[in-house]
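Chain order of the listed sequences is A and B. In terms of the working numbering, the first sequence opens at residue 37 and continues consecutively. In terms of the working numbering, the second sequence opens at residue 24 and continues consecutively. For reference, the structure discussed in these notes is given below.
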Amino acid sequence: MAAHDLSGTAADAYRALAPAVLGYLRSQRAPDPEDILGEVFLQVARDWGKFRGDDVALRRWVFSIAHNRLLDARRRESRRPRTADAPLPERSVPAPEEGLDPELVAALATLTPQQREVIVLRFVADLSLEDVARITRRRVGAVKAMQHRGLEALGRVLRPPGS
Amino acid sequence: MEPTQHDRITRRLHSLGDQPIDPEVAARHRSLMASVPVASSRSRLRPVMVGSLLAGSLFGGMGLAAAAPGVPDSASNVAKTVLATVTLGAVDHPEDDKGDKGDKADRADTADRADDASEVAREAAEKTEEAPDGAATNGQDDPAGPHGVARSTTGCPAGFTGNHGEYVSSIEDDPATADVDERQGAAQSECGKPVHPDRPDTPGTDADKPADRGQSEADHGHQGSGKPEAGQQRGQSGGQHGDDAEDEADDDEDDDKNSTNKARSGRPDGAGRPSSAGSGHGRPAR
């Protein structure tokens, strides 16, 4: 095992994909999105030597890691003990308004978790229907239906005033 | 949904993917990534290759050891034993003369083959122990059948060749000697009993414990009192018991309830045999 030379490899992947991954994590209201972002690209750097594929495959791989890290983080969060009488610790999750479209984030919050997952992977992460189906372990038809219902719901919430 | 609104929403969603990253955070991430050791695909294959080489050299060396004429017998035997356990067909094995070795070598499952090999070896060891001269002692393999067993003539009247049950039933209680039960004495004698009970399923014998079986034979044979109550009852029932046993033999073919012994022996012909060491009690001579 040798230290990985980042020149032109995982560093480029970070530069190209880290903003989208951070947007994916924030729009999913992930706890500590920047920490999760670091974990994601740590694994990318670790497994960079095993990766074979083009830019599309790289995007799919990176978002697969992000998806799994998000699930892990939520699982950890749910296991964290909570005390009823003590004040809740301040979460480092940024408020949705920080650097995000607050109206859109609020509209995303009205979707079901499955619809939100599909919409965010499809349009924020900019993945194809097939890639979303593969990452979420669903059929393409199911993903397409969820995308359709999610966009309709967002359209109802985000209806321009006066329409 | 009208296209303009759909486009507008997707555009806003795409803009969520352009999140600016704090340069300090980005620098921290990059330094972390730079310090991570990289697992290459080559390093993943390395343990597999090393394992294959080790396994190949081990089995290759054992094959040579088994085949080499200059190697001492003990080392060669160890290698043969190990290779026979994993059923490598090129090695000679004493069980080859049974003719089923080739079939076993063709089986795909190595674990099953190892089990079969050990089973065959165990059976061969039992046969060798029971019949040092190589004669078949299994009732199915014996040309004389289960009734061709040698029987003791100790205590028998001259010329008597029947089994123990026939001998006991032939003894009448003498009314002149009321205080002596002649039939009970006959039941406890050795006359007509098999000299070498070849069934491991008889009570008081344990095929898995040769030493115990020897003790059991001593109890039954030399002292004549290994199971006195059973011996008396069978002896008193006499020849009628022989017919009952014959019927039971037929019934037991289909009746599994009886059969600790049957299950233990796994031989259908064992069902017709009475289950005690003095097994000649109720069986008519054929």
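Just so you know, even glycine gets a beta-carbon here, dropped at the ideal spot from N, CA and C.
Does the CB of residue i have a neighbour CB from chain A at under 8 Å?
i	result
residue 81 of chain B	no
residue 40 of chain B	yes
residue 55 of chain B	yes
residue 43 of chain B	yes
residue 291 of chain B	Residue placement at residue 291 of chain B cannot be trusted, given a pLDDT of 40 that sits under 50; what the coordinates show is reported in the next sentence. No, its Cβ sits nowhere closer than 8 Å to a Cβ of chain A.
residue 36 of chain B	yes
residue 32 of chain B	yes
Using only the alpha-carbon positions, how far apart do residue i and residue j sit?
i	j	result
residue 94 of chain A	residue 45 of chain A	11 Å
residue 175 of chain B	residue 213 of chain B	6 Å
residue 75 of chain B	residue 87 of chain A	25 Å
residue 89 of chain A	residue 96 of chain A	10 Å
residue 102 of chain A	residue 64 of chain A	11 Å
residue 158 of chain A	residue 58 of chain A	15 Å
residue 49 of chain A	residue 148 of chain A	31 Å
residue 108 of chain A	residue 66 of chain A	10 Å
residue 78 of chain A	residue 84 of chain A	10 Å
residue 185 of chain B	residue 197 of chain B	22 Å
residue 146 of chain A	residue 40 of chain B	20 Å
residue 37 of chain B	residue 57 of chain B	30 Å
residue 210 of chain B	residue 177 of chain B	13 Å
residue 43 of chain B	residue 62 of chain A	12 Å
residue 179 of chain B	residue 199 of chain B	22 Å
residue 261 of chain A	residue 190 of chain A	An answer regarding residue 261 of chain A cannot be provided, because it is not within the stretch 37 to 199 covered by chain A.
residue 186 of chain A	residue 47 of chain A	34 Å
residue 182 of chain B	residue 172 of chain B	17 Å
residue 35 of chain B	residue 77 of chain B	59 Å
residue 208 of chain B	residue 193 of chain B	12 Å
residue 193 of chain A	residue 111 of chain A	29 Å
residue 116 of chain A	residue 46 of chain B	30 Å
residue 76 of chain A	residue 27 of chain B	35 Å
residue 181 of chain A	residue 50 of chain B	40 Å
residue 29 of chain B	residue 164 of chain A	17 Å
residue 142 of chain A	residue 33 of chain B	15 Å
Our contact map puts residue i next to residue j with C-beta atoms below 8 Å; I'd like the distance itself, whole angstroms only.
i	j	result
residue 48 of chain B	residue 82 of chain A	With a Cβ gap of about 19 Å, residue 48 of chain B and residue 82 of chain A do not count as contacting.
residue 144 of chain A	residue 152 of chain A	5 Å
residue 215 of chain B	residue 189 of chain B	6 Å
residue 56 of chain A	residue 137 of chain A	That pair is no contact at about 15 Å.
residue 171 of chain A	residue 100 of chain A	5 Å
residue 106 of chain A	residue 155 of chain A	Residue 106 of chain A to residue 155 of chain A, Cβ: 15 Å. No contact.
residue 206 of chain B	residue 218 of chain B	Their Cβ separation, rounded to whole angstroms, is 23 Å, which puts residue 206 of chain B and residue 218 of chain B out of contact at 8 Å.
residue 168 of chain A	residue 179 of chain A	5 Å
Quick one: does residue i have its CB under 8 Å from some CB of chain B?
i	result
residue 162 of chain A	yes
residue 55 of chain A	yes
residue 63 of chain A	yes
residue 81 of chain A	yes
residue 58 of chain A	yes
residue 70 of chain A	yes
residue 171 of chain A	no
residue 99 of chain A	no
residue 102 of chain A	no
residue 73 of chain A	yes
residue 89 of chain A	no
residue 106 of chain A	no
residue 46 of chain A	yes
residue 137 of chain A	yes
residue 165 of chain A	no
residue 157 of chain A	no
residue 191 of chain A	yes
residue 140 of chain A	yes
residue 147 of chain A	no
residue 187 of chain A	yes
residue 78 of chain A	yes
residue 194 of chain A	yes
By a C-beta neighbour count over all protein chains shown, 10 Å radius and 16 as the cutoff for buried, is residue i buried or exposed?
i	result
residue 53 of chain A	buried
residue 70 of chain A	buried
residue 53 of chain B	buried
residue 166 of chain A	exposed
residue 311 of chain B	With chain B covering 24 to 309 only, the question about residue 311 of chain B has no answer from this structure.
residue 184 of chain A	exposed
residue 188 of chain A	exposed
residue 92 of chain A	exposed
residue 177 of chain A	exposed
residue 74 of chain A	buried
In chain order, what are the residue ranges of uninterrupted alpha helix (DSSP H) at least 4 long that sit wholly in the stretch 52-101 of chain A?
69-82
Runs of 4 residues minimum, wholly inside the stretch 134-172 of chain A: which ones carry the alpha helix (DSSP H) assignment?
138-145, 149-155, 165-172
Considering only residues of the stretch 169-205 of chain B, which uninterrupted alpha helix (DSSP H) runs meet the minimum length of 4 residues and lie entirely inside it, listed in chain order?
187-193
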